[in-house]
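Start counting the sequence shown at 0; every next residue gets the next number (numbering that gives the first Met the number 0).
Backbone N, C-alpha and C define an ideal beta-carbon position, used for all residues, glycine too.
As the structure is a prediction and not an experimental result, all values here were calculated from the model.
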Amino acid sequence: MGFLSQELPIAVNAAIGQILAHPSVNEVVTTPSKDKHGNWIIEINMDVPLPRDARDKGITATGVKAMEWVRIVFPTSFPAHAPRLFLRADFNRAHPHINPGRPGELVSPCIYEGKLDDLLHEPDWINGIINQLADWLRKAATGELLDSSGQGWEPIRRDSVDGTIVGDISIIRERIVNAKNPISQYFRYEYWQSIVGHSGRIIDESTLYPNLGEAVRKFRIGNNEHSPFRSNFSLAMVISGGTKKTIDVYQPDNVDCLEQLLVRAESYGCRTGLENRLKEITENIVLPLIEQTLEVAVLFAVKRPCNLIGEASDIEIIPYGITFTSDKNHRLQLTRTSLFPLVLIQKVSQQLLAETSDRNFNEADRRKEIAMIGCGSLGSKIAMHLARSGHGPFRLYDKDCFSPHNIARHAVANLAAAEFMAPKFWLTQNLLSQVGAKVTQVNNSYKDVISLLQTKPDLFTKCNGLIIDATASRSVQDALCMTSSKYFGAPLLQVALYGRGKVGFFGLEGKDRNPRIDDLVAQLYQLGWDSSLIGTALYQATNFDRINTGQGCASFSMKMSDAKISLFSAGISERTSQLLDNGIPKAGELLVGLLTEDGLGVNWLSQPTTKIEILYIGDTSKWELRIPVALKDQMRMEAEQRRPFETGGVLIGHINWGRQVIYVTGLLPPPTDSEFRTDEFVLGIKGLKKHISVIEKTTSHTLTYLGTWHSHPNGGGASGKDRSTLAELTRERGNVPSVCLIYRPQGLIAVPGPVTNP
């Protein structure tokens, strides 16, 4: 039957039609009407199958009737939003899965684990909601609403609360489980009156005081003169009946005075402990003023028959607050108390941050230490992202001070710290501590990492999570590369931004530091030549990219907005978090981020990494040559294609003069006038000089001509002509390092001879 009228919306009319056709709906009590807010309301009676022993009476012992009245309220936004459901005002509120409400109001049943709006948009539409309601009423009648075997134990329902208490629930539960027997002990507690009423926190969950005398010897009770909140120090008592007895009776919270609290404590097996502590407080605490109040927290720890819903513990913590008011003798009396329910909120912890950040936290995470080298704009943001995701502890290293211009982009925003130029590592350490992250105290955090590594190469041996270099310093990179892998307790990750925040670099070393971070940077240089998008930002820097922040040549900083750094740091941090959680890939990882043209995001491009083959070349002064195995494989393929003739080409790469390291990053094909013979390869010259000149100019000489390579299809060492060719090349290039490589089926060798010819 429909109620279609000019007023009734089509969607509401269709929904009512389905509701009335539902087999559990007995009759319509009132026809649809509109309330003062424009919502449409219909009232119905629903049949409820009762247990056999309640059928004759038509009502169960818990107050569920064979026919229950239901009010359905369709909001003006229906069908975008689901209707609200209400039961009669005298429906028994002792049932679990009832939404909070005040006595005398209609009862709102919690019929679905998710959102009703989402259920409405499932294929069953309004029928899905009525099905859930019918099932809820059936379970209420049979006492099956609390599904201990499946869903878990529903925590106590508070129809109203008058404040909060913040504490580390996991530590409290652990103490209860370890104790097994009943306990009643004190925590140090602090509270103040906020806009939500009582706001309290347990100061140290790891320390319990067995009696009041022990507690007041360790800390005082009264005003906290140094608190900006005008807070008060007090006591929180945790009381448990032990874990040997399970409390399996569900009781909603209807406690509103001390007498009722004692009755409830008795049902939890906690009355004796509570009475003893209350006696101690009234006999020993004297307040300075008459009519002065002192608020004390009581936490009942109750063992349930199964884990609480959504938690991995069967210990339910149920908190209350007791307000004592001093009498004319400044003493506390049980007759001068009031009671208020509190809601317990989990204190900031690694586990809370991890779970909130959608990470699967485990105890091993507490031991994965992160060394952050560089606490500047990028490093501080990455450290903060990781800390807020529950990672840490951290080791911090930065020799620089916080300058006024750092306010524009640093994670720390502190005007006084900028004007006093406080150390960056110290400010970052304080920032991390504000989110509960642990920072390992290390000697000389403010000293130059380069100097530290020279005197203490095992600086990062104890770091077992990740070593992150966010300094954007070539000298720091060199110092890290010169440190043996045996001194690194964790992989090294280097991150940096280029071109006013248009390009981001994420380079993670492979197993046994192969590829090493400098190999990945050299690969980035080659990508800058291969890709104009990367190259433009990487190589075309000008003086307009820098800002002068003071006097002197060192007083420059790259122009870049805080928003750009935040875009890149977010992606870097997310990937770093995944690596810490899921393990480090043995091959390492190279990611290059490109800012989108509209500036709204970053596209991260994953680049293949490869192992590096290392050759030591030169006569008197040995140089290290590092060539990716992928380029060696390219030589092999070209050699196979030309067999039985020799072939070859030109080596392109980067030179680190200070460390005497040559990086081969790319191969140029042989010019068209090259000659391929069975016993000789002659490299042509047509267009080669111009090609090399373009590469050097485009990359600001970051990439340059290194020398040549050729193949020996049948193996063998360097010939006399190979040696003379290298000597001639070296003379022609003056002091610039020159290399001649030979690819043979047995592997790669360098032509012996001088690398430079001063």
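Looking only at C-alpha atoms, which of the options sits nearest to residue i?
i    : options                : result
E596 : K501, V750, P669       : K501
N44  : K179, R87, E637        : R87
L666 : W528, R499, K244, N442 : W528
I129 : H21, N713, A140        : H21
N223 : G648, Y188, P753       : Y188
I246 : S193, A300, R676       : A300
H120 : G103, K510, P751, P82  : P82
K685 : P670, V660, S530       : P670
D517 : R625, Y497, G716       : R625
V248 : E315, I748, T206       : E315
H94  : L144, D123, R70        : L144
K175 : H700, E104, S312, W135 : Residue 175 is actually Ile in this sequence, not Lys. It is S312.
A495 : F504, P456, T482       : F504
G62  : V47, I564, P122        : V47
P712 : R641, K720, S560       : R641
I182 : S379, A296, G268, D252 : G268
K510 : K610, P456, Q522       : K610
R101 : N210, N253, S432, I381 : N253
W68  : G719, G375, F424, A133 : A133
K563 : R574, R499, Y524, L526 : R499
M66  : F77, F73, V72, A53     : A53
I691 : T646, L725, L705, V681 : L705
K631 : V735, I748, N602, S560 : I748
I202 : A214, K455, G600, L537 : A214
A717 : K689, E679, L650, I467 : E679
P736 : S444, I651, C480       : I651
From what residue to what residue does the beta strand (DSSP E) around residue i run?
i    : result
R366 : Counting along the chain, R366 falls outside any beta strand (DSSP E), and DSSP gives it neither H nor E.
D678 : Where D678 is concerned, there is no enclosing beta strand (DSSP E), given that its DSSP letter is neither H nor E.
D46  : 39–46
K302 : 292–302
I661 : 660–667
W68  : 66–73
K33  : 24–33
Q493 : 491–497
W708 : 703–710
T163 : 162–166
F85  : 83–86
E758 : Here the chain has residues from 0 to 757 only, and residue 758 is not among them.
Taking the continuous alpha helix (DSSP H) assigned at residue i, which residues delimit it?
i    : result
I564 : 561–581
A139 : 125–141
Q525 : 516–529
I691 : 687–697
G719 : 719–731
Kindly indicate which three-state DSSP category residue i falls into: helix, strand or coil?
i    : result
N283 : helix
C552 : Low per-residue confidence applies at C552: pLDDT is 39, beneath 50, and the placement is therefore not dependable enough to give any value.
D468 : strand
T541 : Low local confidence applies: a pLDDT of 49 at T541 is under 50, so the model's placement there is unreliable, with the coordinate-based value given in what follows. Coil.
A14  : helix
Y742 : strand
R101 : coil
H197 : strand
I182 : strand
L119 : helix
A264 : helix
I58  : strand
G503 : strand
Q259 : helix
E508 : coil
W191 : strand
S152 : The amino acid at residue 152 is misidentified as Ser; the sequence shows Trp. Strand.
L277 : helix
Is residue i a contact residue of the ligand FMN, with contact defined as CB to any heavy atom under 7 Å?
i    : result
S325 : Ligands displayed in this structure: none; no statement on the ligand FMN is therefore possible.
Whole alpha helix (DSSP H) elements within the segment 305–357, 4-residue minimum
The segment 305–357 is shown to contain whole alpha helix (DSSP H) runs of 4 or more residues at 349–355, in chain order.
Could you tell me which uninterrupted beta strand (DSSP E) segments, each at least 3 residues in length, are contained entirely in the segment 367–415, listed from first to last along the chain?
Whole beta strand (DSSP E) segments, 3+ residues: 369–372, 393–396.
Give the list of continuous beta strand (DSSP E) stretches no shorter than 3 residues that lie fully inside the segment 605–652.
Correct list: 611–616, 622–627.
Residue ranges of each beta strand (DSSP E) run of no fewer than 3 residues wholly in the segment 211–239, ordered along the chain?
Whole beta strand (DSSP E) segments, 3+ residues: 231–239.
Counting pairs of beta carbons, one from the segment 256–264 and one from the segment 157–174, are three or more of them closer than 8 Å?
Per the Cβ contact rule, the segment 256–264 is not in contact with the segment 157–174 (fewer than 3 Cβ pairs under 8 Å).
Using 8 Å as the threshold, is the segment 378–389 in touch with the segment 354–370, meaning 3 or more CB pairs across them?
Verdict: yes, contact present.
Whether or not the segment 326–345 and the segment 425–433 are in contact is what I'm after, with contact meaning three or more pairs of Cβ atoms, one per stretch, closer than 8 Å; do they touch?
The way I'd put it, the segment 425–433 doesn't touch the segment 326–345; fewer than three beta-carbon pairs between them come closer than 8 Å.
Curious, which full-length beta strand (DSSP E) runs of at least 3 residues does the segment 428–486 contain?
If we require 3 residues or more, the beta strand (DSSP E) runs fully inside the segment 428–486 come out as 465–468.
Specify whether the segment 393–401 and the segment 363–378 touch according to this definition: at least 3 beta carbon pairs, one from each stretch, less than 8 Å apart.
By the Cβ test, the segment 393–401 is in contact with the segment 363–378, since at least three Cβ pairs between them sit closer than 8 Å.
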